[in-house]
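Engineer: Structure incoming, see below.
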Amino acid sequence: MRNLKSIVFVFCLAPLVAFASESAVPLDTAPIKPRDMTSLQRGAKTFVNYCLSCHSAEFMRYNRLRDLGLTESQISENLIFTGQKVGELMTVAMPKKEAKQWFGVTPPDLSVIARSRGPDWLYTYLRKFYRDDSTATGWNNLVFDKAAMPHVLYELQGEQVLNVKSEDDGHGGKHEIKELTLAKPGSLSKTEYDAYVADLVNFLVYLGEPAANKRVQIGIVVMLFLFLMLVLTYALKKEYWKDVH
Ligand code: HEC
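This is the structure we're talking about:
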């Protein structure tokens, strides 16, 4: 009985723990459009160019990218740099053991990252890298402190640095406000870079559930069908009962 009580108690606390582990940095809303095919295509291109060298997406086959409105030859010409065939999985060339030696951790598979982290976290994470000489890579991240991943898009975004301001919290204490400022501009402006990352996150969301668009479409067709049946059945019922009343 005592055991049961403590289990129930722990369950009641679970939401609090989840809340506490959330990052203190507010997340920006990812402006993604899951049905925008050109955005998804741009995201796929960024993904294979900048992410697939370290991260795999092992639940995804290249030829599935036909979903995004691409032909097989476009896929093999523009999106495959590993010499793989279009029917193969998006695996990574880097051996896991060596990756672990280089980074201290193996870069995780990104197939379902959008489901575990959520699009807003990803959108914020990919825009909040800053220079930090104390880390092995020379980079740090506002939403993922001491992440072992270097800022692979820095040539596009530029280099940000951290400014910490302390502010009165209104109760006699202080709290810190962390802000990033652009110390060295990259090849894209801030708005361009935000849009670039939004396309990438759009693609990561698609990776997490490639059938999502189709599921919505099927859902709509099913609802329309049921509605039509309702109208028909009602008309039929009226017809049958006409003489009774
Ligand atoms: C040079 C290798 C490398 C490249 C290229 C790279 N990453 Fe990473 N990434 C890592 C490593 C290593 C980690 C693990 C960080 C840690 O746990 O400290 C990581 C972690 C992540 C995480 C956090 C995963 C989690 O929830 O713990 C995300 C998201 C991510 N990477 C996305 C990307 C995206 C998107 C790209 C392409 C723009 C990319 N990465 C390119 C090495 C890389």
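In terms of mature numbering (1 follows the signal peptide of the UniProt record, and there is no 0), the sequence shown is residues -20 to -1, 1 to 225. Glycine included, C-beta positions come from ideal geometry on N, C-alpha and C.
1. Looking at the structure shown, is Asp148 part of a helix, part of a strand, or coil, going by DSSP?
2. Once you ignore the five residues that flank Leu48 on each side, which residues in its own chain have a CB closer than 7 Å to its CB?
3. Taking the alpha-carbon positions, what's the Lys218 to Met209 distance?
4. Touching or not, the region 183 to 199 and the region 80 to 96, by the rule of three or more beta carbon pairs under 8 Å?
5. From this set, Asn58, Ser96, Leu122, which residue's C-alpha is nearest Tyr105's C-alpha?
6. Let me know the secondary structure DSSP gives Ala163 once reduced to three states.
7. Tell me which residue opens and which closes the alpha helix (DSSP H) that Ala175 is part of.
8. Which two residues bound the contiguous alpha helix (DSSP H) that contains Met40?
9. Is it true that the region 165 to 182 meets the region 198 to 206, where meeting means three or more beta-carbon pairs spaced less than 8 Å apart?
10. So what does DSSP say about Gly98, is it helix, strand or coil?
11. Which residues in the same chain as Lys80 place their Cβ atom closer than 7 Å to its Cβ, once the five residues preceding and following it in sequence are excluded?
12. Hey, is the region 2 to 14 in contact with the region 133 to 151, meaning 3+ C-beta pairs nearer than 8 Å?
Structural biologist: Once the coordinates are examined:
1. Asp148 falls in the strand class under three-state DSSP.
2. Taken in chain order, the residues that qualify are Met17, Leu20, Gln21, Ala24.
3. Straight-line measurement puts the Cα of Met209 at about 14 Å from the Cα of Lys218.
4. Touching, yes.
5. Ranking Asn58, Ser96, Leu122 by Cα distance to Tyr105 puts Leu122 first.
6. In the structure shown, the three-state DSSP call for Ala163 is strand.
7. Annotation for Ala175: the continuous alpha helix (DSSP H) segment containing it runs 170 to 188.
8. Per DSSP, Met40 lies in no alpha helix (DSSP H); the unbroken beta strand (DSSP E) holding it starts and ends at 37 to 41.
9. Output reads no: the region 198 to 206 does not touch the region 165 to 182.
10. Under the three-state reduction of DSSP output, Gly98 falls in the coil class, being neither helix nor strand.
11. Excluding five sequence positions before and after Lys80, the CB atoms of its chain that fall closer than 7 Å to its own CB belong to Thr86, given in chain order.
12. As far as the Cβ criterion goes, the region 2 to 14 does not touch the region 133 to 151, which means the pair count is below three.
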